[in-house]
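Peer 1: 9 is the number of the first residue of the sequence shown in our numbering; add one for each residue after it. For every residue, glycine included, the Cβ atom is placed at its ideal position computed from N, Cα and C. Since the structure is predicted, the reported quantities are computational estimates derived from the model, not experimental observations. Can you keep this structure in mind? I'll have questions shortly.
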Amino acid sequence: MKVVALAGGVGGAKLVSGLAQSLGPQELTVIVNTGDDFWHLGLRICPDLDTVCYTLAGLANKLTGWGREGETWRVIEELKRFDGADWFKLGDRDLALHLYRTGLLAAGKNLTEVVAELLQIWDVETVVLPMSDDPVATMVFTENGEMAFQEYFVKYQWQPKVKGFRFLGADNALPTKEVISAIEEAKVVIIAPSNPWVSIGPILSVSGMKELLKTKNVIAVSPLIGGRAVKGPAAKMYHELGLEPSSSTVARQYQDVINGFVLDTIDAQECEIINVLGIGTFLTDIMMRDYLDRKRLADEVLDMSRKTWVH
Ligand code: GDP
């Protein structure tokens, strides 16, 4: 069965790793957010793509979920001597990737080609695609003014209150031909439990993406459990935007594109609200504590997707 997963970084990569255990490499394509991508020290950095690819390659740092296992930090130590150069944590091995990727891009390759080359080097057979080869930049409106996503997330540790978001370039960014054919061929599209505002939001903002998804069987997994994010600012963002952080709020946000929603058993009381929106629900334990949990949840979501849903 051909499956497409839409994913951001850490939460997305966990479910993607479960799906990759459950499906054959020819069956899974992952479409990844590039709204977090930015230039730093002259290098092109793609945090969510790297988290997904490192995870699939078995290279990810298991504690942080991002960056490399067995990393060293010699370059960043030296960068501390230079004004403002060390706010974004870059390990030495990670830096090697950014150098190589920036070189390929400068030589005229597009991001889709660069990711394909890296996956080949790492022996990863799952197809991973950037949501677009055109640049999209997630911008965060905060109480302290508008800032680029990595500035909000890393430099200010997601502490400023958010007022809204915009995705610069999204109107002119097109899904690549690889993204279009993967979605067209997919039996099911799974929206991973990534941050709906800043990980899935940018993917859905790419020109024509929602229209492509509207014709498909699309199932989202909630990133919130009991109104809380497992990691990161998702719940805080809902509060600050005046919305209740809950699985039904997430389902409502995806209402245009999904026909199925997977939420945690402890949120069972929310099913009725979601069903009224015309969205089917499935209750299970959606916390992925380890590799076994990732595969279990992936299997359950795939089983659910084999049932027929009425949009
Ligand atoms: P980021 O770009 O690195 O922040 O990563 P994502 O947007 O992909 O992931 C962040 C989201 O993943 C947060 O909203 C978390 O609540 C969610 N998340 C992380 N781990 C889990 C998990 O085990 N289960 C579920 N359901 N959500 C998770």
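Cα separation between K239 and N118?
Peer 2: Counting from one through the sequence shown, the residue named residue 239 turns up at place 231. Counting from one through the sequence shown, the residue named residue 118 turns up at place 110. Near 32 Å, if we compare the C-alpha coordinates of N118 and K239.
Peer 1: How many angstroms separate the CA atom of G43 from the CA atom of V144?
Peer 2: Counting from one through the sequence shown, the residue named residue 43 turns up at place 35. Counting from one through the sequence shown, the residue named residue 144 turns up at place 136. When rounded, the distance between both Cα atoms is 5 Å.
Peer 1: Report the three-state DSSP secondary structure of F90 (helix, strand or coil).
Peer 2: Taking the first residue of the sequence shown as 1, we reach residue 90 at position 82. Coil, per DSSP.
Peer 1: Whole-angstrom Cβ separation of V40 and P138, contact assumed at under 8 Å?
Peer 2: Taking the first residue of the sequence shown as position 1, residue 40 is located at position 32. Taking the first residue of the sequence shown as position 1, residue 138 is located at position 130. Indeed, because the Cβ distance is near 6 Å, the residues count as touching under 8 Å.
Peer 1: Is F175 closer than 8 Å to S202 when the C-beta atoms are compared?
Peer 2: Working through the sequence shown from its first residue, we reach residue 202 at position 194. Working through the sequence shown from its first residue, we reach residue 175 at position 167. Against a cut-off of 8 Å, the Cβ pair of F175 and S202 comes out as no contact.
Peer 1: Using 10 angstroms around the beta-carbon of T184, count the other beta-carbons present and answer buried if the total reaches 16, otherwise exposed.
Peer 2: Position 176 of the sequence shown holds residue 184. The residue is buried, with at least 16 neighbouring Cβ atoms inside 10 Å.
Peer 1: Using DSSP bridges, identify the partner residues of A243.
Peer 2: The residue labelled residue 243 in the question sits at position 235 within the sequence shown. Answer by DSSP bridge pairing: none, since A243 is not bridged.
Peer 1: Please report how far the alpha carbon of W166 lies from the alpha carbon of P55, in whole angstroms.
Peer 2: What you label residue 166 is simply residue 158 of the sequence shown in a count that begins at 1. What you label residue 55 is simply residue 47 of the sequence shown in a count that begins at 1. Cα-Cα distance, rounded: 16 Å.
Peer 1: Taking only three categories from DSSP, how would you classify L112?
Peer 2: Position 104 of the sequence shown, counting from 1, holds the residue named residue 112. Helix, per DSSP.
Peer 1: Given this structure, state the Cα-to-Cα distance separating V187 from G216, to the nearest angstrom.
Peer 2: In the sequence shown, counting from the first residue as 1, residue 187 sits at position 179. In the sequence shown, counting from the first residue as 1, residue 216 sits at position 208. Between V187 and G216, the C-alpha separation is close to 11 Å.
Peer 1: Beta-carbon within less than 7 Å of H319's beta-carbon, same chain only, minus the 5 sequence neighbours each way: which residues are those?
Peer 2: The count along the sequence shown starts at 1 and reaches residue 319 at position 311. Unreliable positioning characterises H319 in this predicted model, as indicated by a pLDDT of 43, which lies under 50. A coordinate reading is not provided.
Peer 1: For A306, count neighbouring C-beta atoms within 10 Å of its own C-beta (all shown protein chains included) and say buried if the count is 16 or more, exposed if not.
Peer 2: Residue mapping note: residue 306 aligns to position 298 of the sequence shown, counting from 1. So A306 counts as buried.
Peer 1: Can you tell me whether K239 sits near ligand 1, meaning its C-beta is under 7 Å from at least one heavy atom of the ligand?
Peer 2: Numbered from 1 along the sequence shown, position 231 holds the residue referred to as residue 239. Answer for K239: yes, Cβ within range of ligand 1.
Peer 1: Could you check whether the Cβ of K169 sits closer than 7 Å to any heavy atom belonging to ligand 1?
Peer 2: Sequence index remark: in the sequence shown, residue 169 carries index 161 (1-based). Incorrect: K169 has no Cβ contact closer than 7 Å to ligand 1.
Peer 1: May I have the straight-line CA-CA distance separating L98 from V226, to the nearest angstrom?
Peer 2: For this step, residue 98 is matched to residue 90 along the sequence shown. For this step, residue 226 is matched to residue 218 along the sequence shown. Taking the straight line joining both Cα atoms gives about 35 Å.
Peer 1: Helix, strand or coil for I198, going by three-state DSSP, please let me know.
Peer 2: Looking up residue 198 in the sequence shown gives position 190. In this structure, I198 counts as strand in the three-state DSSP scheme.
Peer 1: If we call anything under 8 Å between Cβ atoms a contact, is L51 one with L107?
Peer 2: Walking along the sequence shown from the start, residue 51 turns up at place 43. Walking along the sequence shown from the start, residue 107 turns up at place 99. Yes, they are a contact pair.
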